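*Asks:* Let me give you the structure first, and then I'll get to my questions.
In my numbering, the protein residues as written are 3 to 546.
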């Protein structure tokens, strides 16, 4: 774990303008900088970066924060990943808590990867094999394709370079058997596997000798969990965020060939079905998810299970099934790129694909089979949102040729989320901005102003009192249309705010039935006294 003081030192070292300018074209705008927001499409810049406050805020979509928050959102990284990336960018040395596990030395992985690459380059039969699959030299280099020969070759390389054998075992390169050490990858084409931040974490290997296990991956290690990784994601992520699309394949060769054909959002699961552990990756950048699966029984079943999970989690996207024994790699090799493009543009949406699959399992010409299909379709429908339940009732009825009222849905109470139109009070916002500009003014207003005095911006004032550095306040602090008052003007505006508040309180007392006569008289006396002092230009303490 990174020490907190080390993170704070890094924060002090960073300049928000310098960090963001490495990703966006910032233009000077008065005391601040502006750019088109990277988090939503816009042509007129509304993304403001403040060098004095070391924050950014978009007035279009509301995104805001500091250098760390920007990189987290821009590259879709976790907090620790962001800290480590920024430290790497600025050659800043982080300190780790010695009471926790030390940062692992993964140099043996990188060296063995280069060893596998060199073995591939010097092996003409392996290069010919890859070439026959349609993979270009450029793609082989881009994806760092390697070759693992005999077990002894790998072990001798590790030993001769004096790497720690225990590290090599821990990272799944070799293992101990009855006859001693052995390599996990023997006579296989090697595909390096990276984390989302671009760190090498393991390998995939494809047999070249018709071994029963066509593909194998690194075993579960402290840094490798195949259920949380996607092959090619580190190369595809920029295009995924840009195009809002991710193509999920079944094999490494599919990914390489699709990238070669400029379908640069392709990734693949690591020899496992899509799991819920993959979903956080799919939420990064909120892309449309396209499943590109084989049309055999196993591929259809995998597409069905993935579609159920993705539709229940309300992901946008759909399924593309490759028939006649073809896969994406075959179609790229056969130069059927326009056909591929059309397939990816119009996938079958998850929900109708799932319903179609369910119905296809039964002979619906038989009443008993039709009832079973209806039962399963109903159960699936109930797992979806209320809107989708209502939307797809008719679809199921049409597929089964039954009346729509036979389709059961979950009759839960719908909540009506009506957002009232947002009202803005410029005077209230200017008071808040003036305090944000000079936090020492808080001492002046604490005894005078209560949050209840703000008619429209009570929440913002409470946030000012409790968490002045909250990013939600950036929209006020960086709004050039709001005036920042000097002390004299702030006093005048506070007098107006207080006078309005106490005047309204005086009127409301007339209709207050909860107070008795004596309590009302006391309250009226206090309020009238306050109003009298306010007319004289004196700010009074809140005393109600």
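Cβ atoms here follow ideal geometry from the backbone N, Cα and C, with glycine treated the same way. What you are looking at is a predicted structure, and each value in this text was computed from that prediction instead of being measured.
(1) Determine the DSSP secondary structure at residue 277, reduced to helix, strand or coil.
(2) If you draw a straight line from the C-alpha of residue 175 to the C-alpha of residue 182, how long is it?
(3) CA-CA distance, residue 399 and residue 132?
(4) Which ranges would you report for the alpha helix (DSSP H) in the segment 324 to 401 if only whole runs of at least 4 residues count?
(5) So, for residue 102: in the same chain, excluding its five sequence neighbours on each side, which residues have a beta-carbon less than 7 Å away from its beta-carbon?
(6) For a quick check, are the C-beta atoms of residue 189 and residue 151 less than 8 Å apart?
(7) If you measure between the beta carbons of residue 1 and residue 292, is that distance less than 8 Å?
(8) Using beta-carbon positions only, say whether residue 556 and residue 233 come within less than 8 Å of one another.
(9) Under a Cβ-count criterion, where at least 16 other Cβ atoms within 10 Å of its own Cβ denotes burial, should residue 168 be classed as buried or exposed?
(10) Apart from the five residues just before and just after residue 247, which ones in its own chain have a Cβ nearer than 6 Å to its Cβ?
(11) Would you call residue 22 buried or exposed, if buried means 16 or more other Cβ atoms sit within 10 Å of its Cβ?
(12) With residue 270 as the anchor, note down where its beta strand (DSSP E) starts and where it stops.
(13) Within its chain, find whatever has a CB closer than 8 Å to the CB of residue 304; leave out the 5 residues flanking it on each side and keep chain order.
(14) Is the beta carbon of residue 78 less than 8 Å from the beta carbon of residue 243?
(15) What did DSSP end up calling residue 296 once you bin it into helix, strand or coil?
(16) Return the chain-ordered list of same chain residues with a C-beta closer than 8 Å to the C-beta of residue 69, the five sequence neighbours on each side being excluded.
(17) Could you pull the start and end residues of the beta strand (DSSP E) that residue 251 belongs to?
(18) Indicate whether residue 61 and residue 48 have their beta-carbon atoms separated by less than 8 Å.
(19) If you draw a straight line from the C-alpha of residue 107 to the C-alpha of residue 281, how long is it?
(20) Between which residues of its own chain and residue 500 is the CB-CB distance below 6 Å, once the five residues before and five after are set aside?
(21) Quick check on DSSP: helix, strand or coil for residue 62?
(22) Run through DSSP, which three-state label would residue 135 get?
(23) Taking Cβ positions, are residue 115 and residue 221 nearer each other than 8 Å?
(24) Given a cut-off of 8 Å, decide if residue 314 and residue 389 are closer than it, judged by their beta-carbon atoms.
(25) Could you spell out where the beta strand (DSSP E) holding residue 190 opens and where it closes?
(26) Have a look at residue 207 and residue 257 and give me their C-alpha separation to the nearest angstrom.
(27) Comparing C-alpha positions only, which one of 44, 43, 59, 431 sits nearest to residue 473?
(28) Tell me whether residue 420 is buried or exposed, calling it buried when 16 or more other Cβ atoms sit within 10 Å of its Cβ.
(29) Looking at residue 118: is its Cβ nearer than 8 Å to the Cβ of residue 129?
(30) Give the straight-line distance between the Cα atoms of residue 509 and residue 460, rounded to the nearest whole angstrom.
(31) Measure from the alpha carbon of residue 468 to the alpha carbon of each residue in 478, 453, 392, then state which is nearest.
(32) Can you find the residues in the same chain that come closer than 7 Å, C-beta to C-beta, to residue 441, ignoring five residues on each side of it along the sequence?
(33) Would you please state the rounded distance, in angstroms, between the beta carbons of residue 476 and residue 66? I believe it to be under 8 Å.
(34) What do you reckon, are the CB atoms on residue 50 and residue 480 nearer than 8 Å?
(35) Would you kindly report the start and end of the unbroken beta strand (DSSP E) that includes residue 1?
(36) Assuming contact is defined by CB atoms lying nearer than 8 Å, are residue 448 and residue 437 in contact in what I supplied?
*Replies:* To lay it out plainly:
(1) Residue 277 carries a coil assignment under DSSP once its states are collapsed to helix, strand and coil.
(2) A straight line joining the alpha-carbon of residue 175 with that of residue 182 spans about 14 Å.
(3) For residue 399 and residue 132, the distance between alpha carbons rounds to 49 Å.
(4) Those alpha helix (DSSP H) runs which fall completely within the segment 324 to 401 and span 4+ residues are 330 to 335, 339 to 347, 352 to 362, 369 to 384.
(5) Summary for residue 102: the model assigns pLDDT 48, below 50, so the residue's position carries little reliability, and this model does not support an answer.
(6) Going by C-beta atoms, residue 189 is nearer than 8 Å to residue 151.
(7) Nothing can be reported for residue 1, as the shown portion of the chain is limited to 3 through 546.
(8) The question about residue 556 has no answer here: the residues shown for the chain are numbered 3 through 546.
(9) Under a 10 Å Cβ-count criterion, residue 168 is classified as exposed, with fewer than 16 other Cβ atoms of the shown protein chains found around its own Cβ.
(10) If we look at residue 247 and ignore the five residues flanking it on each side, its Cβ neighbours are 267, 289, 290.
(11) Counting the other CB atoms within 10 Å of its CB gives residue 22 a total of 16 or more, which places it among the buried residues.
(12) Under the DSSP assignment, residue 270 falls in the beta strand (DSSP E) whose first and last residues are 268 to 270.
(13) Only 252, 275, 276, 295 meet the Cβ criterion.
(14) For residue 78 and residue 243, yes; Cβs fall inside 8 Å.
(15) Residue 296: strand per DSSP, three-state reduction.
(16) The residues 13, 16, 17, 18, 21, 22, 56, 88, in chain order, have a CB closer than 8 Å to that of residue 69 in the same chain once the five nearest residues on each side in sequence are set aside.
(17) In this chain, the beta strand (DSSP E) harbouring residue 251 covers 247 to 251.
(18) A contact, by the Cβ cut-off of 8 Å.
(19) CA-CA distance, residue 107 to residue 281, rounds to 29 Å.
(20) The beta carbon of residue 500 lies closer than 6 Å to those of 536 in the same chain, with the five residues before and after it left out.
(21) In the structure shown, residue 62 sits in coil (DSSP, three-state: anything other than H, G, I, E or B).
(22) Residue 135 carries a coil assignment under DSSP once its states are collapsed to helix, strand and coil.
(23) No, they are not a contact pair.
(24) Not a contact, by the Cβ cut-off of 8 Å.
(25) It spans 190 to 196 - the beta strand (DSSP E) in which residue 190 sits, taken as one unbroken run.
(26) Their Cα atoms are separated by approximately 15 Å.
(27) Here the closest residue by C-alpha is 59.
(28) With a pLDDT of only 33 at residue 420, under 50, the local geometry of the prediction cannot be trusted, and no value is derived from it.
(29) For residue 118 and residue 129, no; Cβs fall outside 8 Å.
(30) C-alpha of residue 509 to C-alpha of residue 460: approximately 21 Å in a straight line.
(31) Ranking the options by Cα distance to residue 468, first place goes to 453.
(32) Excluding its 5 nearest sequence neighbours in each direction, residue 441 has C-beta neighbours in its own chain below 7 Å: 470, listed in chain order.
(33) Right, the Cβ-Cβ distance comes to about 4 Å (below 8 Å), so this counts as a contact.
(34) Pairing residue 50 with residue 480 gives a Cβ-Cβ distance under 8 Å.
(35) This structure cannot speak to residue 1, because the chain is shown only from 3 to 546.
(36) Not in contact: residue 448 and residue 437 (Cβ atoms no closer than 8 Å).
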